[in-house]
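A short worksheet on the structure shown next.
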Amino acid sequence: MVSMTTAFNQDVIHEVKDRIDIVEIIGGYVQLKKRGRSYVGLCPFHNEKTPSFTVSPDKQVFYCFGCGAGGDVLTFLMKREGLSFPEALAALAARAGVELVGEEETPAARRQRELKERLYRLGAIAASFYYRILARHPAGAPARSYLQRRGIKGVTARQFELGFAPDAGAVLVNYLQRQGFTPEEIEQAGLSLSRPPRGLVDRFRGRLMFPIKDSRSRVIGFGGRVLGEGQPKYLNSPETILFHKGHHLFGLHLSLPGIRKEGRAILVEGYMDMIAAWQHGIDNVVASLGTSLTPAQARELKKYAREVIIAYDADTAGQAATLRGLDILAAAGLQVRVLQLPEGKDPDEFLAARGPEAFRELVAGSQGLMEFRIHKAVSEHDAGTAAGRKAIMTALLPYLRQVRDAVEQETYARLLNRYTGISETAILNDIRRPEARLDRAVKTTYIRDGRAGGTAAPHQAELFLLRAYLASPALATRIDAELGENWCRDQAARDLVAAVRERRRENPELTGPDLAGILTPGREPQQEALLARLTLAEDLGPVEERAVNKAIRLLKLQQLRRQSKSLWLALARAEDTGDQEQVRELQGKIFHLQQTINSLKLGRGELR
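My numbering puts the first residue of the sequence shown at -4, with every later residue one more than the last.
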């Protein structure tokens, strides 16, 4: 059996991929139609009505021109099924009839793998032990009564493998030792505490037990709720080699199919909220193991969903957690909405009182990220006073200024006007006002030109030059000479270019087809998607000298404009401080830089 930590050489990976037809594999998930030499279909990674998902049998890659997902057949399986790279490779190897032989495993890696396998088995046995106590033992009667009062059915308790930890010294420890586990293993699993001179005792006692499982349904830890008045109310497993609280989401193993189908997840705070929602047929819900959502949890959600609806409790702590979660989820690249529960309610209580249809109505009426911020600011300040209106705008402007789309800006201005009475014109002026004091000439240079912040054209130009960079070592050398080694603004593009440079140091003549394996499989999903995009980049046109010159000129202009903007900002600061020597120096630099920009715009500027 091949371990999930085994490393594989490139020959093995290529043999598996060579024996697999990407169209056949993806066709099992997506209805594909032949179009020219490629196949198209509706993207399985985002909702769309017009097919933008392309599969190339010639190049054995896929790419969605709608959401940007892309890569090879292994990438598809990892993304679609939530598998690790070794798991995806093993699945395809079994289908292709290829025996996987990994590279030599170090003794330390083998010991770590074997320990993890033992702890997974230990966790499963512990969960089964707790469940039997809850379901059948007299000691589990208080927990059974509690679940009955909370409306949790027996079938639901069985699905989640809920259990009960007896309020005794070392019942579980003794049971696990009889099953062949050592005291050290039980302690490493986070299920025991050392209490000299008594030795090991159970960590969880007198608690309703919630097994925490990973996306593959393996028990990695536990949460325990006290049934009486003891503290803490909830107790989680400590950090172990399997369990890192800030990395996992409760219920994900059950909700994955629903999340993938919907393209979105509903995020609640606690175990009971998640279980109640699931029992009521809400099948795309997960819990964040407490109120502190982490960036790692947001990244985990991003693997399976495009959108997250936060449904935290309506109390003060829940609202504070919602505000923290908004920024974390948005930073992970997720679309975020907020479900507003009636004051004082949590999802569990709301579902018990109103039922699933009323909850689905709240989901449908959930607020977008900016709408929520606006309502929050208006509710916290008196819009009937000048001071209140100023406080509202002060709270919102940092977020409103991040909105680049003019239509969205006007939509939010209308909403604010309705709540505060501030004119839409005044709001828009505040949103669009430069954050630093700029001279009129700065506005003339950047606002009139309309390209201060970069546009779609430079992005297309960058994609085109990336394609040229892969196609020709000579063009790559020229592009670096003209634009500098850091000419890519996108991080994935920079990483891809760095990988190409590294490979060409070993073999300077490598071209596009030879660069297919430059990325470490399963390690660089963004670069893999970008490489697939470039492979299928018919829309970028042929790599010809005239087109390359035009793209270089366009990116050069963008670089110079950014330099000019920095100089104008420095000039404004120098004028404020009265440093006349620096003012004259900066004016000279701006003058010469503007001459270069004008020459390039007219097509007269020299490219090296």
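We put the CB at the ideal spot given by N, CA and C, even for glycine.
Checklist entry - For Asp209, which three-state DSSP category applies? => result On the sequence shown, residue 209 is found 214 positions in, with the first residue counted as 1. It is coil, neither helix nor strand.
Item to check | Nearest-angstrom Cα separation, counted from Gly77 out to Glu302 | outcome: Counted from its first residue, the sequence shown places residue 302 at position 307. Counted from its first residue, the sequence shown places residue 77 at position 82. When rounded, the separation of the alpha-carbon atoms in Glu302 and Gly77 is 17 Å.
Checklist entry - When you compare each of Arg255, Gly320 and Glu234 to Val263 by their alpha carbons, which one comes out closest? => result In the sequence shown, the residue the question calls residue 263 occupies position 268. In this structure, Gly320 is the residue among Arg255, Gly320 and Glu234 with its C-alpha nearest to the C-alpha of Val263.
Checklist entry - How do the segment 391 to 410 and the segment 360 to 372 stand: do at least 3 beta-carbon pairs fall below 8 Å, yes or no? => result Between the segment 391 to 410 and the segment 360 to 372, the count of C-beta pairs closer than 8 Å reaches three or more; the two stretches touch.
Next on the checklist: Which same chain residues end up closer than 8 Å to Lys12 when comparing Cβ atoms and leaving out the 5 residues on each side of it in sequence?
Outcome noted: Here residue 12 corresponds to residue number 17 of the sequence shown, with the count starting at 1. If you ignore the 5 residues before and after Lys12, its C-beta comes within less than 8 Å of the C-beta of Gln55, Asp67, Val68, Leu69 and Leu87, all in its own chain and listed in chain order.
Item to check | Delimiting residues of the alpha helix (DSSP H) encompassing Glu344 | outcome: Position 349 of the sequence shown holds residue 344. Element bounds for Glu344: Pro342 to Arg349.
Item to check | Beta-ladder partner(s) of Leu203, from DSSP | outcome: Translated into positions along the sequence shown, residue 203 becomes position 208. In DSSP, Leu203 forms a bridge with Phe159 and Arg220.
Checklist entry - Contact check, Ala134 vs Pro161 under 8 Å by CB: the rounded distance? => result Reading the sequence shown from its first residue, position 139 is the one you call residue 134. Reading the sequence shown from its first residue, position 166 is the one you call residue 161. That belief holds up - the Cβ atoms of Ala134 and Pro161 are roughly 5 Å apart, short of 8 Å.
Checklist entry - Just how far apart, CA to CA, sit Glu356 and Arg332? => result The residue labelled residue 356 in the question sits at position 361 within the sequence shown. The residue labelled residue 332 in the question sits at position 337 within the sequence shown. C-alpha separation (whole angstroms): 14 Å.
Item to check | Residues of its chain near Lys584, where Cβ-Cβ distance is below 7 Å and the 5 sequence neighbours each way are ignored | outcome: Taking the sequence shown and counting its residues from 1, one reaches residue 584 at position 589. For Lys584, the CB contacts under 7 Å within the same chain, skipping 5 residues up- and downstream, are Leu562 in chain order.
Checklist entry - Which value, in whole angstroms, describes the spacing of the CA atoms of Leu318 and Pro52? => result The count along the sequence shown starts at 1 and reaches residue 318 at position 323. The count along the sequence shown starts at 1 and reaches residue 52 at position 57. A direct Cα-Cα distance of roughly 46 Å separates Leu318 from Pro52.
Checklist entry - DSSP three-state call for Asn279: helix, strand or coil? => result Here the question's residue 279 lines up with position 284 in the sequence shown. In the three-state reduction of the DSSP assignment, Asn279 falls in the coil class.
Checklist entry - Could you give the distance in angstroms between the alpha-carbon of Leu391 and the alpha-carbon of Leu117? => result Within the sequence shown, the letter at position 396 stands for residue 391. Within the sequence shown, the letter at position 122 stands for residue 117. For the pair Leu391 and Leu117, the Cα-to-Cα distance works out to about 50 Å.
Checklist entry - Using a Cβ-Cβ cut-off of 7 Å (strictly less than) and excluding sequence neighbours within five positions of Ala184, which residues of its own chain qualify? => result Here residue 184 refers to the residue found at position 189 of the sequence shown. Hits under 7 Å: Leu114, Leu117, Gly118 and Thr235.
Next on the checklist: Taking 8 Å as the threshold (C-beta atoms), are Val280 and Ala272 in contact?
Outcome noted: As a first step, residue 272 is located in the sequence shown; it is residue number 277 there, counting from the start. As a first step, residue 280 is located in the sequence shown; it is residue number 285 there, counting from the start. Contact: yes.
Checklist entry - If you compare alpha carbons, which of Leu37, Leu84, Leu284 and Arg528 is closest to Asp6? => result Sequence index remark: in the sequence shown, residue 6 carries index 11 (1-based). Measuring from the Cα of Asp6, the nearest candidate turns out to be Leu84.
Next on the checklist: Rounded to the nearest angstrom, what separates Ala488 and Ile128 at their Cα positions?
Outcome noted: Here residue 488 refers to the residue found at position 493 of the sequence shown. Here residue 128 refers to the residue found at position 133 of the sequence shown. Answer to the nearest angstrom: the Cα atoms are 55 Å apart.
Next on the checklist: If you measure between the beta carbons of Gly339 and Lys297, is that distance less than 8 Å?
Outcome noted: Walking along the sequence shown from the start, residue 339 turns up at place 344. Walking along the sequence shown from the start, residue 297 turns up at place 302. No, the Cβ-Cβ distance between Gly339 and Lys297 is not below 8 Å.
Checklist entry - So what does Asn169 bridge to, in DSSP terms? => result As a working mapping, residue 169 is identified with position 174 in the sequence shown. Paired residues: none, contrary to the question.
Next on the checklist: Could you pull the DSSP bridge partners for Ala35 from this structure?
Outcome noted: For the purposes of this step, residue 35 is identified with residue 40 of the sequence shown, where counting begins at 1. Residue identity differs from the one stated: residue 35 is Val in this sequence, not Ala. Per DSSP, Lys28 and Thr49.
Item to check | Residues near Asp343 in its chain [Cβ-Cβ closer than 7 Å; skip 5 each side] | outcome: Within the sequence shown, the letter at position 348 stands for residue 343. Cβ neighbours of Asp343 within its own chain (closer than 7 Å, five residues either side excluded): Met267, Asp268 and Ala271.
Next on the checklist: I'd like to know if the segment 141 to 153 and the segment 237 to 255 are in contact, where contact means that at least 3 CB-CB pairs between them fall below 8 Å.
Outcome noted: The segment 141 to 153 is not in contact with the segment 237 to 255.
Item to check | Arg368 in three-state terms, based on DSSP | outcome: Stepping through the sequence shown from its first residue, residue 368 is reached at position 373. If DSSP states are grouped into helix, strand and coil, Arg368 belongs with the helices.
Checklist entry - Would the segment 149 to 168 and the segment 184 to 200 be scored as touching if the rule is three or more Cβ pairs under 8 Å? => result The segment 149 to 168 is in contact with the segment 184 to 200.
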